[in-house]
Structure formats: C-alpha cells, structure tokens
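**Student:** In mature numbering (1 follows the signal peptide of the UniProt record, and there is no 0), the protein residues as written are -19 to -1, 1 to 365.
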C-alpha cells in the first residue's frame, strides 16, 4: 500500500510515554510503497507499528485533488486501490474502512499517521484561493477532524497532511495550509503539516509555499537528484546547509525540522541509495552539525523490511547519538577575511556557520544556491 513508509528517523530517544514529539531529533517515519512493487508487497499498517523504529506514517497518496463528484481520489497500493476496493457512490473516493483499526492501533502506540498528497504522478494544484479553501475543507472533513458520509478510514482521525507535490506550481498552497491550520485551531489534538521537497533548493513545486506557510517538518528527498547522497563529499553538491538556513531564517515556523530523505534499498529509487553505514555517518553528522535536523525519511516501508530492516540500523545510530537538545559546535575554522582569495575546499567561520569553498573564490560566504561557499556546519562562540 502506498504507505508513505518513509522512515523519518529523527534523533528521538526512546520514551516511556509512547508519544511523538517533533522537538526531538531521532524520529522515524515511514512512506509509501510502490503499487507495482509486488515482490516486496507491503504488509498491513499495524504490522509496521509493532516496534519503536518508526514514528510517522504518511499514507500515500491522494492522487487527484478534484475527481468525480468534486472529491479527492486516493490509491494506497495493495492495501486499498481502485481495482480491489469500492468507492463511495457518485465519487472516485475509495472506501478503505478496513484501515481504521490499523490507524487507531498505530496511534495507540504513539505513532503519527498523516495523509500524503500528490506523489510523482499526482494530478494536483489549484486555480484559485477559493478552490484551495474548498479542498482544505474536503481534506478536513474526510480525513481529519471534520465530519462526512464519505470518510475513507471511517471513524479514524488522521494526524495531519503531508505535501509531496512534484509537479505544477505552488500557487495557492499557502491558502490551503492556512485553511487547515484555521480549521484545526482549538482542536483537542495536534495536527501536523509536512512537505517532501526535492533537495534542489529552492524546490520547483514547493519553494513558494515553504517560504510563506508554516510547516512542522519537511522530508527533503536527497535521491534522484544531483544534490543527492552521491554528492555528499562535494561542497558544490550537498546542500543541507541551505535547508538549515531556510528553516532558521526563512520559514514562518522557526522550529520546523528538516529530515534527510533516503531510499531504503537499491531498488527504491533510481539514484541515491547508500549502504547503512554510510547513511548512519551522514545522518549523525547532520544531527551534530545543524540544529534544524529532525531525522531520516526512508522510501519505503516494504523496501526497508526486505533490506534486512535497513531502518533499524539508522534509527539505532541516531538514538545512540542523542535524542534531545542541540549544542552548537565551536567555530573551529579561521574567520573569513573579506577580499581574500580562497582555494577550493578552504574552510572559514562566518555568520554562525563553518563554510567550505566550492572552488577558487574571493566572494563572501552566503546561503544562496549560486554561492561560492557551502555551509557544512552551524557554529557558535569565538572564531578560531
């Protein structure tokens, strides 16, 4: 099922009280499986909630915003799909009532279950603010805290919305998010808004809304992109520093968390898969270096289970590295000297970051995509 089995492995120390805490640093989330992945057919949602490895499960995907009858359509792969499941009369919206037990079971174990919108082939987008407001009302009524006769998961109430928008523009998405926030204000439970941009900054589809609406977390896809894991050792490729700067200085929510999105096996994505030891090293380094780091997202659940529980090795590494708080590293590089010339891979301290030169430069370090420098760590204190 397109269970966004994205293992968002944040540095989240295991708690006695089973409850998700977005302020921690070792959360783990799950994302969706491919509907064509018959070899690694995903299990029921409840199956994946039986240990503490995964903290967040975005159910993927809502594939069309406005389908038959003006309501959304969804496809959750082998768990609930248009071939095997009925739809509500006059709509293309699947009746997946059998999932209600699984959702509530997982929530009782402290897991967060959200609905993911879009995906690589989704028919998504808005033509006006009014349309975005109507869609938000629909999502609220059929998946979240509202009421409707067409609730795909029956009386189960999901915990939020994930935007995996990979096509079109970000027009009116801020209106959609703000409407969800308004509907959720005063609710008896917390509702989360997350997004899954590509690592190229700014993201083509979500760039606008990420800077104008409040997200609780983003799951940056560091795969199938030139800034993916294959570029980790290159200051001109790896750009987590740009996302940290976005989180701390641009995002309307200064407490937003940034997760590293990774493939759970070599068959889960076209490019970007790395072995467990490599991802452990990268993730714990980002955890140590950047205060916005929230964890790891793995695509997807069935793939990580088939790959010797790839998720567990990452989760254990993050938990061992520490799950609460952040201590800024010292500014160990020499201070940047204006109008000086630096060769490639030179390191300097400037503006609360340690920077590495991408190539020969005399430019001032800046968190911009076309900068001559890459921020490799936040830092604080006296400059070396």
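C-beta atoms are modelled at their ideal positions from N, C-alpha and C, and glycine is treated no differently. Every value quoted in this text rests on a predicted model; they were computed, and no experiment measured them.
Have a look at residue 78 and residue 112 and give me their C-alpha separation to the nearest angstrom.
**Tutor:** 27 Å
**Student:** Nearest to residue 84 by alpha carbon, out of 264, 166, 140?
**Tutor:** Answer by Cα proximity: 140.
**Student:** Quick one: measure Cβ to Cβ for residue 220 and residue 273, integer angstroms, because I've assumed they're closer than 8 Å.
**Tutor:** Their Cβ separation, rounded to whole angstroms, is 13 Å, which puts residue 220 and residue 273 out of contact at 8 Å.
**Student:** DSSP three-state call for residue 227: helix, strand or coil?
**Tutor:** helix
**Student:** Measure from the alpha carbon of residue 217 to the alpha carbon of each residue in 110, 241, 336, then state which is nearest.
**Tutor:** 336
**Student:** Under three-state DSSP, which class holds residue 340?
**Tutor:** Three-state DSSP puts residue 340 in coil, outside helix and strand.
**Student:** With distance defined between alpha-carbon atoms, name the residue in 270, 204, 239 nearest to residue 245.
**Tutor:** Ranked by how close their Cα comes to the Cα of residue 245, the residues 270, 204, 239 have 204 in first place.
**Student:** Assign residue 293 to one of three DSSP states: helix, strand, or coil.
**Tutor:** Per DSSP, reduced to three states, the secondary structure at residue 293 is helical.
**Student:** Can you tell me where the beta strand (DSSP E) with residue 379 in it begins and where it stops?
**Tutor:** Limits of the chain in this structure are -19 at one end and 365 at the other, which puts residue 379 out of reach.
**Student:** If I'm right that residue 299 touches residue 259 with Cβ under 8 Å, what's the distance once you round it to whole angstroms?
**Tutor:** That pair is no contact at about 14 Å.
**Student:** Cα separation between residue 135 and residue 81?
**Tutor:** Taking the straight line from one Cα to the other gives about 6 Å.
**Student:** Residue 87 to residue 281, Cα distance in whole Å?
**Tutor:** 17 Å
**Student:** Any contact of the region 64 to 74 with the region 39 to 52, i.e. 3+ C-beta pairs under 8 Å?
**Tutor:** yes
**Student:** Measure the Cβ-Cβ separation of residue 144 and residue 176 and say whether it is below 7 Å.
**Tutor:** yes
**Student:** For residue 402, tell me which candidate among 223, 76, 355, 192 has the shortest Cα-Cα distance.
**Tutor:** Nothing about residue 402 can be reported from this structure: the residues present for the chain run from -19 to 365 only.
**Student:** DSSP three-state label for residue 191, please.
**Tutor:** helix
**Student:** With respect to the alpha helix (DSSP H) encompassing residue 24, which residues constitute its N-terminal and C-terminal limits?
**Tutor:** Here residue 24 belongs to no alpha helix (DSSP H), and DSSP marks it neither H nor E.
**Student:** Could you work out which residue in 106, 196, 215 is closest to residue 232 when comparing CA atoms only?
**Tutor:** 196
**Student:** Check residue 285 in the structure and name its three-state DSSP category.
**Tutor:** helix
**Student:** Drop a sphere of 10 angstroms on the beta-carbon of residue 305, count the other beta-carbons inside from all chains shown, and report buried for 16 or more, exposed for fewer.
**Tutor:** exposed
**Student:** State the DSSP-derived secondary structure class of residue 50, mapped to helix, strand or coil.
**Tutor:** Helix.
**Student:** Measuring alpha carbon to alpha carbon, tell me which residue in 190, 43, 185, 342 is nearest residue 104.
**Tutor:** 43
**Student:** Please state the DSSP three-state secondary structure of residue 39.
**Tutor:** In the three-state scheme derived from DSSP, where H, G and I count as helix and E and B as strand, residue 39 is classed as strand.
**Student:** Please give the ranges of any alpha helix (DSSP H) in the region 89 to 133, keeping only runs that are unbroken, at least 4 residues long and fully inside the region.
**Tutor:** 110 to 124
**Student:** Among the candidates 207, 356, 352, 269, whose CA atom is the shortest distance from the CA of residue 301?
**Tutor:** 269
**Student:** For residue 360, which of 276, 33, 167, 316 has the nearest alpha-carbon?
**Tutor:** 316
**Student:** Identify which residue in 126, 182, 190 has its Cα closest to the Cα of residue 172.
**Tutor:** 126
**Student:** Could you give the DSSP three-state label for residue 171: helix, strand or coil?
**Tutor:** coil
**Student:** May I ask you to report which of helix, strand or coil DSSP gives residue 331?
**Tutor:** strand
**Student:** For residue 174 and residue 201, what's the separation of their Cα atoms in angstroms?
**Tutor:** 14 Å
**Student:** Near residue 250, what residues of its chain come up, given a Cβ to Cβ distance below 6 Å and the 5 sequence neighbours on each side ignored?
**Tutor:** 204, 205, 244
**Student:** What separation, rounded to the nearest whole angstrom, lies between the Cα atoms of residue 347 and residue 158?
**Tutor:** When the Cα atoms are used, residue 347 and residue 158 turn out to be separated by approximately 30 Å.
**Student:** Do residue 247 and residue 374 count as a contact pair if the criterion is CB distance below 7 Å?
**Tutor:** Only positions -19 to 365 of the chain appear in the structure, and residue 374 is not among them; the question remains open.
**Student:** Going by DSSP, what residues sit across from residue 143 in a beta bridge?
**Tutor:** 97, 175
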